[in-house]
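The next block holds one structure in the form of structure tokens; read it before the comments.
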Amino acid sequence: MQIPASGPSDATAALCVVFIFLLIFAGIGLAVINTGLGRSRSAAHSMMSSLCVFAVAALVYFLCGFAWQGFAGQPAHVLQIGGKPWSWLGAGPFLFRHAALDGSPASLAALFGMLSAGLAALIPLGSGADRWRLGPCCVSAALLAGWTFPLFAHWVWGGGWLAQLGVNYGLGAGFVDAGGAATIQAVGGVTALSIAWILGARRGKYTRDGMPSAIPGHNSVLVLLGCALALLGWWGLNSAGAIIFNGAGAGDAVLVAINTTLCAAASALTAAAITHARFGKPDASLTANGWIGGLAASSAACVFVIPAEAVAIGVIAGALVVFSVEWFEFRMSVDDPGGAISAHAMGGLWGVLSVGVFAQIPARAAGMAGENASNHQGQWIAQLVGIATLIGFVLPLTYGLNWLLNRVYPQRVSTEGERHGMDLHELGAGAYPEFLTHNEEFTE
Amino acid sequence: MKALGFLLLLAGWAIDLTAVALLVDATPRAAFVLAGIGVEIVGLVLVIRSHLFPRGERE
Numbered sequence: 507m508q509i510p511a512s513g514p515s516d517a518t519a520a521l522c523v524v525f526i527f528l529l530i531f532a533g534i535g536l537a538v539i540n541t542g543l544g545r546s547r548s549a550a551h552s553m554m555s556s557l558c559v560f561a562v563a564a565l566v567y568f569l570c571g572f573a574w575q576g577f578a579g580q581p582a583h584v585l586q587i588g589g590k591p592w593s594w595l596g597a598g599p600f601l602f603r604h605a606a607l608d609g610s611p612a613s614l615a616a617l618f619g620m621l622s623a624g625l626a627a628l629i630p631l632g633s634g635a636d637r638w639r640l641g642p643c644c645v646s647a648a649l650l651a652g653w654t655f656p657l658f659a660h661w662v663w664g665g666g667w668l669a670q671l672g673v674n675y676g677l678g679a680g681f682v683d684a685g686g687a688a689t690i691q692a693v694g695g696v697t698a699l700s701i702a703w704i705l706g707a708r709r710g711k712y713t714r715d716g717m718p719s720a721i722p723g724h725n726s727v728l729v730l731l732g733c734a735l736a737l738l739g740w741w742g743l744n745s746a747g748a749i750i751f752n753g754a755g756a757g758d759a760v761l762v763a764i765n766t767t768l769c770a771a772a773s774a775l776t777a778a779a780i781t782h783a784r785f786g787k788p789d790a791s792l793t794a795n796g797w798i799g800g801l802a803a804s805s806a807a808c809v810f811v812i813p814a815e816a817v818a819i820g821v822i823a824g825a826l827v828v829f830s831v832e833w834f835e836f837r838m839s840v841d842d843p844g845g846a847i848s849a850h851a852m853g854g855l856w857g858v859l860s861v862g863v864f865a866q867i868p869a870r871a872a873g874m875a876g877e878n879a880s881n882h883q884g885q886w887i888a889q890l891v892g893i894a895t896l897i898g899f900v901l902p903l904t905y906g907l908n909w910l911l912n913r914v915y916p917q918r919v920s921t922e923g924e925r926h927g928m929d930l931h932e933l934g935a936g937a938y939p940e941f942l943t944h945n946e947e948f949t950e
Numbered sequence: 283m284k285a286l287g288f289l290l291l292l293a294g295w296a297i298d299l300t301a302v303a304l305l306v307d308a309t310p311r312a313a314f315v316l317a318g319i320g321v322e323i324v325g326l327v328l329v330i331r332s333h334l335f336p337r338g339e340r341e
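Residue numbers (my numbering), protein chains in the order written: chain A, 507 to 950; chain B, 283 to 341.
In structure tokens:
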């Protein structure tokens, strides 16, 4: 998608800053959900990891991430292929020295990107819960925030080749991802899948005949509270993304908030209904995953669909999340305690595809002349190319980086550490010192 | 099997990029983009299978 040349007005920029501030609630929500879905003996470690990962991601993004992400109109490394420019990496200065941090579009993108990188880095903590050591998860977050996230974000938000598919090859408005369904959610989600594969399942998760054992989360109240906090964060995430990268006005935030809420609500209720129909009672953790999956799916098209279409996107997202959680656990032997892969990767990928199915992108947002909606033909191909990039390039990249990291700095905690719990082993104190440690799966 | 799977993932992506860059007509371009995603799915299946443990070896 072409980023509009004119930036937002001062009032819109001020509102956009407030929206970006709300992103921290999305981070808190994810951290609380991951903690609640993990074991009680790893609860303090989970929150500590979230804080450290967010801090590392923010610093690394400041150091080099935004330089490589860039912003439309700023210096970039460009290849000429068939006479068409393929911008593949930003070439700005390190340490945010690109321009004044004064509310300009580039400075808003820098602030938005810093918090988004932290959000993306929190997602893999859900799949690595109860067995991912603190040090390696911080280094992994640095790789994500310093290279993988900025690289893909440049392609989508920095005027890169995916964003230019419309201008260069007539594919609709180019790849569209207003609030980060691909750039944040799917990138974080495929990284979560890589981490789950590299770490392996928790001890006691699978029996000798390959059947998964239920290891329920230790605090459903935290999980459901996290869902409410995440909604607040997603209002900011989607609204700010639509303003910075798609030329939306301040008034469009109303539509974005309505669509985001409806999508999450439809997704959560669909998940609750499916689990009720299948198991006799609604499942709290799957309903929470459905809520997050709906939020993730809402991001890409949040400002380009009508509310009824947002409900349809949410219904499909809710069903997708429930069945994919089961599929990953039973068929793929992937131990994902937080449901991060299903909620963020599957939800995000569906959100990206939903742009091609539902979205009507106005000419101003597509950087085209005229008042009518942009030509929709080819939009779904642009979205498919983005999905192919996430699966065919980002997944091998993030797997390879974490595989190499695992070779030089083992990521999984020792058997003894897993038995004691991450809190005692890595932090020396538990989150709930009055609790007894439950280790029945190690005493059989 | 894992390496071959990741190779197919990259190959599928390369097919998609090539289709976008070289083909002009919408129909063949869409067909090749879908074919590239098909190759990626085959690669993904191989990567998934390489991460499945044989029955009886799990703890």
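Note that beta-carbon positions come from the ideal geometry of N, C-alpha and C, so glycine has one too.
Item: Spatial neighbours of A597 of chain A in its chain, beta-carbon cut-off 6 Å, leaving aside the 5 residues before and after; Value: P581, A582, H583
Item: Whole alpha helix (DSSP H) elements within the stretch 788-830 of chain A, 4-residue minimum; Value: 790-807
Item: is_contact[T671 of chain A, chain B] using C-beta, thresh 8 Å; Value: At residue 671 of chain A the sequence reads Leu, which differs from the Thr that was named. Yes, contact with chain B.
Item: is_contact[I330 of chain B, chain A] using C-beta, thresh 8 Å; Value: yes
Item: Nearest-angstrom Cβ-Cβ length linking G685 of chain A and N744 of chain A, presumed shorter than 8 Å; Value: 4 Å
Item: Neighbourhood of G906 of chain A by C-beta distance below 6 Å, restricted to the same chain and skipping five residues each side; Value: none
Item: 8 Å Cβ cutoff, L326 of chain B in contact with chain A; Value: yes
Item: Within 8 Å, strictly: CB atoms of V858 of chain A and A777 of chain A; Value: no
Item: Simplified DSSP assignment, three categories, for K590 of chain A; Value: strand
Item: Beta carbon proximity, F658 of chain A to chain B, threshold 8 Å; Value: no
Item: Cutoff 8 Å; reference V811 of chain A; Cβ partners in own chain excluding five residues on either side; Value: N765, I819, S860, F864, A865, Q866
Item: Chain-order list of residues whose beta-carbon lies under 8 Å from that of S556 of chain A (same chain, five-residue window excluded); Value: G533, L536, A537, N540, T541, L628, L631
Item: Cutoff 8 Å: G320 of chain B Cβ touching any chain A Cβ; Value: no
Item: Chain-ordered chain B contacts of G884 of chain A [CB-CB under 9 Å]; Value: A308, R311, A312
Item: The stretch 284-303 of chain B: positions lying closer than 7 Å to chain A by Cβ; Value: F288, L291, L292, G294, W295, D298, V302, A303
Item: Buried or exposed (CB count within 10 angstroms, at least 16 for buried), P642 of chain A; Value: buried
Item: Cβ neighbours of H931 of chain A in the same chain (closer than 6 Å, five flanking residues each side left out); Value: G923
Item: Cβ shell of G862 of chain A (< 6 Å), same chain only, five flanking positions each side left out; Value: Q885, W886, Q889
Item: Strand pairing of V584 of chain A, partner residues [DSSP]; Value: A:S593
Item: Residues bridged to R918 of chain A (per DSSP); Value: A:W638
Item: Backbone CA spacing between A763 of chain A and A774 of chain A [nearest angstrom]; Value: 17 Å
Item: Exposure label - V891 of chain A; buried when at least 16 CB within 10 Å; Value: buried
Item: Chain-ordered residues of the stretch 889-901 of chain A with a beta carbon less than 8 Å from chain B; Value: L890, V891, I893, A894, T895, I897, G898, F899, L901
Item: Sub-8 Å separation of G634 of chain A and I701 of chain A beta-carbons; Value: yes
Item: Supposed close pair D636 of chain A, P916 of chain A - CB separation, criterion 8 Å; Value: Rounded, the Cβ-Cβ distance is 16 Å, inconsistent with contact.
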